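S.K.: As numbered in the working numbering, residues 870 to 1072 make up the sequence shown, in order.
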Amino acid sequence: MNEEVSYTGRYTTDSRDQLLAKISEQLKPARFAHVQRVEKTAIQLAKQYGVEVEKASIAGLVHDYAKQRPDEDFIAAIHHYQLDTDLVNWNNAIWHGVVGAELIKAELGIDDEDILNAVRYHTTGNRYMTKLAQIIYMADYIEPARDFDGVEKARLLTSQSLELAVAYQTKHTLLYLLENNQRVYPKTIETYNAWVPQSGLKD
């Protein structure tokens, strides 16, 4: 899969195969298959929207690198990297992006901020997201194995406008959290305010 992506050494000293091997050590098979589907989707979107394919490949593969770490690893990392102390009050859904980016930097040697921000924001969104961050946000949401009410609409919007797709995902994620009486991470509300009201989104 994706043999056409050759790594130049600018963003990681690993080849794609070497990076895959390191990621596979961190993830169970189902999650490992997911990150490869996200990579494939991200590459397709990068080609459509003029984003560097190598960066899309790397960000897609590493976005869930820390997803299956124990909670105590994240708590330790929050303190070690002197991150926002409020993070200790959240959970894996938030940590694996926001804190995971620090672990990717430390353990994989990837320090490109565009790639790291794409990981940081892939579940919460952000007020400002580069095209790469928007692509990873959407690729994670619409990869081929995703099956939920509205996913086909999300796929259609993503093919038409990244910005509109980001607004759609943000709105529907917030609705899901509210309908299920879930806590809402503050950045998710910031993302909603930045992307949805002016988007022209119809539903």
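A virtual CB, placed ideally from N, CA and C, is assigned to each residue, including glycine.
Given the structure is predicted, the values throughout are model-derived calculations rather than measurements.
Beta-carbon within less than 8 Å of LEU1031's beta-carbon, same chain only, minus the 5 sequence neighbours each way: which residues are those?
M.R.: Working through the sequence shown from its first residue, we reach residue 1031 at position 162. Cβ neighbours of LEU1031 beyond the five flanking positions: LEU914, TYR918, LYS1000, GLN1003, ILE1004 and MET1007.
S.K.: DSSP three-state label for PRO1055, please.
M.R.: On the sequence shown, residue 1055 is found 186 positions in, with the first residue counted as 1. DSSP places PRO1055 in helix when its eight states are reduced to three.
S.K.: Quick one: Cα of ILE947 to Cα of GLN1029, how far?
M.R.: Walking along the sequence shown from the start, residue 947 turns up at place 78. Walking along the sequence shown from the start, residue 1029 turns up at place 160. ILE947 and GLN1029: Cα-Cα distance of roughly 38 Å.
S.K.: Thinking just about the alpha-carbon of each residue, which of VAL874, PHE943, VAL904 and GLY1019 is nearest to the one in ASN958?
M.R.: Within the sequence shown, the letter at position 89 stands for residue 958. With distances taken between Cα atoms, ASN958 lies closest to PHE943.
S.K.: Quick one: Cα of VAL874 to Cα of GLU1012, how far?
M.R.: For the purposes of this step, residue 874 is taken as the residue at position 5 of the sequence shown. For the purposes of this step, residue 1012 is taken as the residue at position 143 of the sequence shown. Going by the C-alpha atoms only, they are around 19 Å apart.
S.K.: Whose C-beta lies closer than 6 Å to the C-beta of HIS965 among residues of the same chain, with five residues either side of it excluded?
M.R.: Counted from its first residue, the sequence shown places residue 965 at position 96. ALA935 and LYS936.
S.K.: Can you tell which of GLU1059, ILE963, TYR1045 and ILE927 has its C-alpha closest to the C-alpha of ARG885?
M.R.: As a first step, residue 885 is located in the sequence shown; it is residue number 16 there, counting from the start. Residue ILE927 is the option with its Cα nearest to ARG885.
S.K.: How about GLN905 and LEU930: do their beta carbons lie closer than 9 Å?
M.R.: As a working note, residue 905 is residue 36 in the sequence shown. As a working note, residue 930 is residue 61 in the sequence shown. Their beta carbons are under 9 Å apart, which means GLN905 touches LEU930 by this criterion.
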